[in-house]
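Shown next, in structure tokens, is the structure this report addresses.
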Amino acid sequence: MQQQRSFTKEASGSLFLVPTPIGNLEDMTYRAVNTLKSVDLIAAEDTRHTQQLLNQFEIETKQISFHEHNKENRIPELVERLQDGTNIAQVSDAGMPSISDPGHELVLAALAADIQVVPLPGASAGITALVASGLSPQPFTFYGFLPRKQSEQIKTLTDLAQKPETILFYEAPHRLAKTLANIQTVYGDDRQVSLARELTKKYEEFIRGTAAEVADWAQQSEVRGEFVVMVAGNEHPTEAVEAADPLAELSPVEAVNALVASGMKTTAAVKQVSKLRQLDRQALYQTYEEQK
Numbered sequence: 001m002q003q004q005r006s007f008t009k010e011a012s013g014s015l016f017l018v019p020t021p022i023g024n025l026e027d028m029t030y031r032a033v034n035t036l037k038s039v040d041l042i043a044a045e046d047t048r049h050t051q052q053l054l055n056q057f058e059i060e061t062k063q064i065s066f067h068e069h070n071k072e073n074r075i076p077e078l079v080e081r082l083q084d085g086t087n088i089a090q091v092s093d094a095g096m097p098s099i100s101d102p103g104h105e106l107v108l109a110a111l112a113a114d115i116q117v118v119p120l121p122g123a124s125a126g127i128t129a130l131v132a133s134g135l136s137p138q139p140f141t142f143y144g145f146l147p148r149k150q151s152e153q154i155k156t157l158t159d160l161a162q163k164p165e166t167i168l169f170y171e172a173p174h175r176l177a178k179t180l181a182n183i184q185t186v187y188g189d190d191r192q193v194s195l196a197r198e199l200t201k202k203y204e205e206f207i208r209g210t211a212a213e214v215a216d217w218a219q220q221s222e223v224r225g226e227f228v229v230m231v232a233g234n235e236h237p238t239e240a241v242e243a244a245d246p247l248a249e250l251s252p253v254e255a256v257n258a259l260v261a262s263g264m265k266t267t268a269a270v271k272q273v274s275k276l277r278q279l280d281r282q283a284l285y286q287t288y289e290e291q292k
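Be aware that the sequence shown starts at 1, since it is given in full-length UniProt numbering, and climbs by one per residue.
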């Protein structure tokens, strides 16, 4: 058990988790600015990007890079500095640290070293989108970015299909159409979906409709900006939800070939196709091997 009083003076430094704007600089809070000015060091995901923010608010605090590619070496260094009494603020490029951004491992390391971790409230794309989505805001499940591979994405969506709460995903513009097509495939044409893009920016936009309507919009439109994808929960979670076959137009062997080409192992691909189409797995495997 560990008990923390965030603002009790300690010999060691404190780790402050500071949110930054997701677009509109006016969403920077007074407290965030004052914290970044008062700490000894800022651990930033991209120091060049963060420097623009610091210049905007006349913050002169020194930065150090902390991102996915250097975290293994950087975390011990940051923890040592915290133990020596250095106050450090951690920021990502936008929004809350640790939410689809670096930070969680640093928090764990700081807590293991009995260092105070102090979070600041602020901008978060998921919550901002959810309250204007038109979908039920509570309860909700935040998932973040879905797997990129088709087969893995279908499996993840299927695993979430029984959830009665609204589900939140993040998605990049170049993958949006395929992701929405998979959502339509797994959840059906009529499930309600809400999209939010370019939140707090000049071209902020919401697209609300059925899975079929939203998927069609993505196919027909020039998609730009980062998206929050929100899917209504299953109103009848006790009813079994069968995943539709995303490769239905292909023969069983062609479907296996497509899944293997996407990176899935042969045995897993045969298992998935045979399950979706209610085929004998061993017979399909034998046929696949014969036609290779």
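Yeah, the Cβ is synthetic: ideal placement off N, Cα and C, and Gly gets one too.
Same chain, Cβ closer than 7 Å to residue i, neighbours up to 5 away in sequence not counted
{"i": "Asn24", "result": "Thr200, Lys201"}
{"i": "Ala240", "result": "Any reading at Ala240 must be qualified, since the residue scores a pLDDT of 48, below 50, and its modelled position is unreliable; the value itself is stated next. Nothing listed; no residue qualifies."}
{"i": "Ser6", "result": "Gln116, Val118"}
{"i": "Glu10", "result": "Gln116"}
{"i": "Ala172", "result": "Glu226"}
{"i": "Gly188", "result": "Ala211"}
{"i": "Thr86", "result": "Gly13, Asp40, Leu41"}
{"i": "Tyr288", "result": "Val253, Val256, Val270"}
{"i": "Leu250", "result": "Ala258"}
Residue span of the alpha helix (DSSP H) that contains residue i, given as start and end
{"i": "Glu254", "result": "252-261"}
{"i": "residue 354", "result": "Here the chain comprises residues numbered 1 to 292, so residue 354 is not present and cannot be evaluated."}
{"i": "Leu284", "result": "281-291"}
{"i": "Leu176", "result": "173-187"}
{"i": "Leu130", "result": "125-130"}
{"i": "Val214", "result": "211-220"}
{"i": "Ala32", "result": "30-38"}
{"i": "Thr47", "result": "47-56"}
{"i": "Ser133", "result": "Ser133 -> no alpha helix (DSSP H), and no H or E assigned at all."}
{"i": "Leu247", "result": "Element bounds for Leu247: n/a, residue is neither H nor E."}
{"i": "Gln4", "result": "Here Gln4 belongs to no alpha helix (DSSP H), and DSSP marks it neither H nor E."}
{"i": "Lys271", "result": "266-277"}
Limits of the beta strand (DSSP E) - the one that residue i falls within
{"i": "Gln192", "result": "192-197"}
{"i": "Ile154", "result": "Unbroken run through Ile154 is the alpha helix (DSSP H), 150-159; no beta strand (DSSP E)."}
{"i": "Ser14", "result": "14-17"}
{"i": "Ser65", "result": "63-65"}
{"i": "Gln90", "result": "88-91"}
{"i": "Val223", "result": "Val223 -> no beta strand (DSSP E), and no H or E assigned at all."}
{"i": "Ala232", "result": "Here Ala232 belongs to no beta strand (DSSP E), and DSSP marks it neither H nor E."}
{"i": "Leu41", "result": "41-44"}
CB of residue i within 9 Å of CB of residue j, strictly
{"i": "Pro164", "j": "Glu235", "result": "yes"}
{"i": "Ser100", "j": "Phe140", "result": "no"}
{"i": "Ile88", "j": "Leu41", "result": "yes"}
{"i": "Ala132", "j": "Ala196", "result": "yes"}
{"i": "Val256", "j": "Leu284", "result": "yes"}
{"i": "Ser65", "j": "Ala44", "result": "yes"}
{"i": "Ala211", "j": "Ile183", "result": "yes"}
{"i": "Leu157", "j": "Val186", "result": "yes"}
{"i": "Leu130", "j": "Ala110", "result": "no"}
{"i": "Thr35", "j": "Phe57", "result": "no"}
{"i": "Ser38", "j": "Asp84", "result": "no"}
{"i": "Arg281", "j": "Lys265", "result": "no"}
{"i": "Gly122", "j": "Met28", "result": "yes"}
{"i": "Glu226", "j": "Tyr170", "result": "yes"}
{"i": "Leu120", "j": "Ala215", "result": "no"}
{"i": "His174", "j": "Val107", "result": "no"}
{"i": "Pro102", "j": "His67", "result": "yes"}
{"i": "Leu53", "j": "Glu60", "result": "no"}
Cβ-heavy atom distance, residue i to the ligand COA, below 8 Å
{"i": "Asn87", "result": "Of the ligands one can find in the structure shown there are none, so the ligand COA has no counterpart to examine."}
Paired residues, beta bridge with residue i - DSSP
{"i": "residue 294", "result": "Here the chain has residues from 1 to 292 only, and residue 294 is not among them."}
{"i": "Thr166", "result": "Phe140"}
{"i": "Glu205", "result": "Arg197"}
{"i": "Gly95", "result": "Thr20"}
{"i": "Val118", "result": "Phe16"}
{"i": "Phe145", "result": "Tyr170"}
Residues near residue i by beta carbon distance below 6 Å, same chain, minus five either side
{"i": "Val273", "result": "Pro252, Ala255, Val256"}
{"i": "Arg208", "result": "Gly134, Ser194"}
{"i": "Thr128", "result": "Leu199"}
{"i": "Gln138", "result": "none"}
Same chain, Cβ closer than 8 Å to residue i, neighbours up to 5 away in sequence not counted
{"i": "Gln2", "result": "Leu111, Asp114"}
{"i": "Thr50", "result": "Thr20, Ile42, Ala44, Gln63, Val91, Asp93"}
{"i": "Ser124", "result": "Pro19, Ile22, Gly95, Met96, Ile99"}
(request) Please confirm if the region 90-98 is in contact with the region 17-33, defined as three or more CB-CB distances below 8 Å between the two stretches. (result) yes
(message) So, does the region 176-194 touch the region 151-162, judging by three or more C-beta pairs under 8 Å?
(response) yes
(request) Determine contact between the region 105-115 and the region 222-236, defined as no fewer than three beta-carbon pairs at a distance below 8 Å. (result) no
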